[in-house]
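Novice: Numbering-wise (our numbering), the sequence shown opens with residue 10 and increments by one. Glycine is no exception: its CB is placed at the ideal position from the N, C-alpha and C atoms. Bear in mind the structure is a predicted one, so any value in this text is a computation, not a measurement. Attaching a single structure in structure tokens format; questions to follow.
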Amino acid sequence: MPDSFLTPIVHFPGAQDSFQCPQVGNTKNAFLGDIYGTQASSADPLSCGFFRMTAGESLTGKYPYNETLVILDGVFEMVDGVGNKSVAKKGDVYFFPAGSMVTFSTSQAGLAFYTVQRARK
């Protein structure tokens, strides 16, 4: 007999290729969207999604929550709020503590998966 407190896993087949992220910020080349996340009432909120960017304008964001970013494809150039520069490539993992500020750009294109310590938007 199943445990009544267990919940099923959630699966999004092919999400990396098929999930359409909404445009973010005032740029025409940056897209970000939660694919799944906990409800706002959760004691331990957590959400995840994709961030896509193509060549063009840079995007600067301040992180009000802890966030982890995994680079899935392409290359991002990043500069944090204290001037540290990094070139993010496929397979790289980044952690942005709450309060971080990061400017993203790319001369090509990039795709990343994120988890963020907040409820789904």
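Could you spell out where the alpha helix (DSSP H) holding Ser27 opens and where it closes?
Specialist: By one-based count along the sequence shown, residue 27 stands at place 18. Taken as a continuous stretch (DSSP letters only), the alpha helix (DSSP H) holding Ser27 covers Ala24 to Ser27.
Novice: State the start and end residues of the unbroken beta strand (DSSP E) segment that holds Ile80.
Specialist: Working through the sequence shown from its first residue, we reach residue 80 at position 71. Its beta strand (DSSP E) spans residues Glu76 to Asp89.
Novice: Measure the beta-carbon distance from Cys57 to Phe122 and round it to whole angstroms, keeping in mind my assumption that it falls under 8 Å.
Specialist: As a working note, residue 57 is residue 48 in the sequence shown. As a working note, residue 122 is residue 113 in the sequence shown. Going by Cβ atoms, the distance from Cys57 to Phe122 rounds to 7 Å, so yes, they are a contact pair.
Novice: Buried or exposed for Thr69, please, with buried defined as at least 16 other CB atoms from any protein chain shown within 10 angstroms of its CB.
Specialist: As a first step, residue 69 is located in the sequence shown; it is residue number 60 there, counting from the start. When all chains shown are included, Thr69 counts as exposed.
Novice: Taking 8 Å as the threshold (C-beta atoms), are Met62 and Phe85 in contact?
Specialist: Numbered from 1 along the sequence shown, position 76 holds the residue referred to as residue 85. Numbered from 1 along the sequence shown, position 53 holds the residue referred to as residue 62. A contact, by the Cβ cut-off of 8 Å.
Novice: For a test of the three-state rule: what should DSSP assign to Ala64, helix, strand or coil?
Specialist: On the sequence shown, residue 64 is found 55 positions in, with the first residue counted as 1. Coil.
Novice: Since Ala97 and Ile80 should fall inside the 8 Å C-beta cutoff, what is the C-beta to C-beta distance between them, to a whole number of angstroms?
Specialist: Translated into the one-based positions of the sequence shown, residue 97 becomes position 88. Translated into the one-based positions of the sequence shown, residue 80 becomes position 71. 5 Å between Cβ atoms; contact.
Novice: Would you list the one or two residues that DSSP bridges to Lys98?
Specialist: Within the sequence shown, numbered from 1, the residue matching residue 98 stands at position 89. The secondary-structure analysis by DSSP pairs Lys98 across a beta bridge with Val84.
Novice: What distance in whole Å lies between the Cβ atoms of Ser116 and Ala64, which are believed to be in contact at a cut-off of 8 Å?
Specialist: Counting from one through the sequence shown, the residue named residue 64 turns up at place 55. Counting from one through the sequence shown, the residue named residue 116 turns up at place 107. At roughly 6 Å, the Cβ-Cβ gap stays under 8 Å, so Ala64 and Ser116 are in contact.
Novice: Could you tell me the alpha carbon to alpha carbon distance between Gly23 and Pro54, rounded to whole angstroms?
Specialist: As a first step, residue 23 is located in the sequence shown; it is residue number 14 there, counting from the start. As a first step, residue 54 is located in the sequence shown; it is residue number 45 there, counting from the start. Cα to Cα, Gly23 sits roughly 24 Å from Pro54.
Novice: Enumerate in chain order the residues of its own chain whose CB-to-CB distance from Ala2 is below 7 Å, with the five nearest sequence positions on each side excluded.
Specialist: As displayed, the chain neither begins before 10 nor continues past 130, which places residue 2 out of reach and without an answer.
Novice: Taking the Cβ atom as the reference point for each residue, do Gly83 and Ala118 lie within a distance shorter than 8 Å?
Specialist: For the purposes of this step, residue 83 is taken as the residue at position 74 of the sequence shown. For the purposes of this step, residue 118 is taken as the residue at position 109 of the sequence shown. Cβ atoms of Gly83 and Ala118: closer than 8 Å.
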